[in-house]
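Colleague: In this note's numbering, each number is its position in the sequence shown, counted from 1, plus 122.
Yeah, the Cβ is synthetic: ideal placement off N, Cα and C, and Gly gets one too.
One structure, as structure tokens, below. Some questions next.
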Amino acid sequence: FLFFSSIWMVWDDYDREWKGYQRQFVLLETEVTQAGLAAAEADVDQAQVQQLQSERTQAEQELASNQAQVDELEGQLDEIEAELYGVNQNYLFTKANYDAERYEFEELQEEDPERAASVRPEIDEMYQHWLDLGLQVERLNAQRDGVRAQIAEYTTRVADIDAQIGELTFETGRLQERL
123 FLFFSSIWMV WDDYDREWKG YQRQFVLLET EVTQAGLAAA EADVDQAQVQ
173 QLQSERTQAE QELASNQAQV DELEGQLDEI EAELYGVNQN YLFTKANYDA
223 ERYEFEELQE EDPERAASVR PEIDEMYQHW LDLGLQVERL NAQRDGVRAQ
273 IAEYTTRVAD IDAQIGELTF ETGRLQERL
């Protein structure tokens with residue numbers, strides 16, 4: 123009895139009146155999307171797409187021929203980013219320590235100005251160290267940006283062509299995803 127009840131429940135759910143309308147709508151929506159896709163494909167300048175694809179192939183070949191330089195630059199970038207991470211962490215910790223020590227110094231200056239004067243060189247030294255680390259961070263950021271720019275000289279052409287192809291074929295791609 124339970125088996126037949128389950129079958130009847132599934133069939134009753136499947137055979138609801140509005141499900142027929144839903145099926146018709148899905149078929150209609152598919153037809154409209156296919157018609158839109160055909161129109162969008164007709165609007166795409168296939169000659170231009172072919173030209174861009176051949177340019178992309180050429181750009182990929184150029185990139186492949188310069189892959190050794192790109193790999194070397196990416197290795198340099200990894201080294202710079204690792205060093206930058208360490209220096210930046212040191213910079214941030216030094217700043218936090220300096221702020222804490224500076225606060226204690228200012229409190230001490232109000233309570234005992236003579237003793238505060240003896241601590242002042244340590245605070246100034248910590249401040250100078252923090253400034254030096256900030257300069258190192260800026261130098262490493264500039265180096266990283268320079269290496270990224272060198273890598274971009276090799277890789278930008280492929281990305282630009284991909285963007286152009288994407289602009290030309292955006293609508294067709296969007297409609298194909300709906301199908």
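Ends of the alpha helix (DSSP H) at Phe292?
Modeller: Residues 235-300.
Colleague: Is the segment 172-183 touching the segment 281-290, taking contact as three or more C-beta pairs under 8 Å?
Modeller: Short answer: they touch.
Colleague: Starting from the Cα of Asp200, find the closest Cα among Leu149, Asn263, Leu253, Gln180 and give me that residue.
Modeller: Here the closest residue by C-alpha is Asn263.
Colleague: What did DSSP end up calling Phe123 once you bin it into helix, strand or coil?
Modeller: Coil, per DSSP.
Colleague: Since Met248 and Asn219 are thought to touch, with beta carbons under 8 Å apart, how far apart are those beta carbons, to the nearest angstrom?
Modeller: That pair is a contact at about 7 Å.
Colleague: Spell out a yes or no on whether the segment 267-286 and the segment 178-193 are touching, meaning 3 or more CB-CB pairs, one atom from each, closer than 8 Å.
Modeller: Short answer: they touch.
Colleague: If you draw a straight line from the C-alpha of Glu228 to the C-alpha of Trp252, how long is it?
Modeller: Each residue's alpha carbon lies about 18 Å from the other.
Colleague: Which one of Ser240, Glu203, Val241, Leu257 has the shortest CA to CA distance from Gly268?
Modeller: Checking every option, the nearest Cα to that of Gly268 belongs to Glu203.
Colleague: What does the Cβ neighbour count give for Leu301, buried or exposed, with the cut at 16 atoms within 10 Å?
Modeller: Exposed, since its Cβ has fewer than 16 Cβ neighbours within 10 Å.
Colleague: Using a threshold of 9 Å, state whether the C-beta atoms of Leu195 and Ile273 are closer than that.
Modeller: Yes. Within cutoff.
Colleague: With DSSP collapsed to three states, give me the class of Asn212.
Modeller: DSSP places Asn212 in helix when its eight states are reduced to three.
Colleague: Would you tell me roughly how many angstroms separate the C-alpha atoms of Asp254 and Glu233, rounded to the nearest one?
Modeller: Going from the Cα of Asp254 to the Cα of Glu233 covers about 31 Å.
Colleague: List, from N- to C-terminal side, the alpha helix (DSSP H) runs of 4 residues or more that fit wholly inside the segment 123-187.
Modeller: For the segment 123-187, whole alpha helix (DSSP H) runs of length 4 or above, ordered along the chain, are 124-136, 139-165, 168-187.
Colleague: How would you call Tyr136, buried or exposed, if buried means at least 16 neighbouring beta carbons within 10 angstroms?
Modeller: By the neighbour-count rule (16 or more Cβ atoms within 10 Å), Tyr136 is not buried but exposed.
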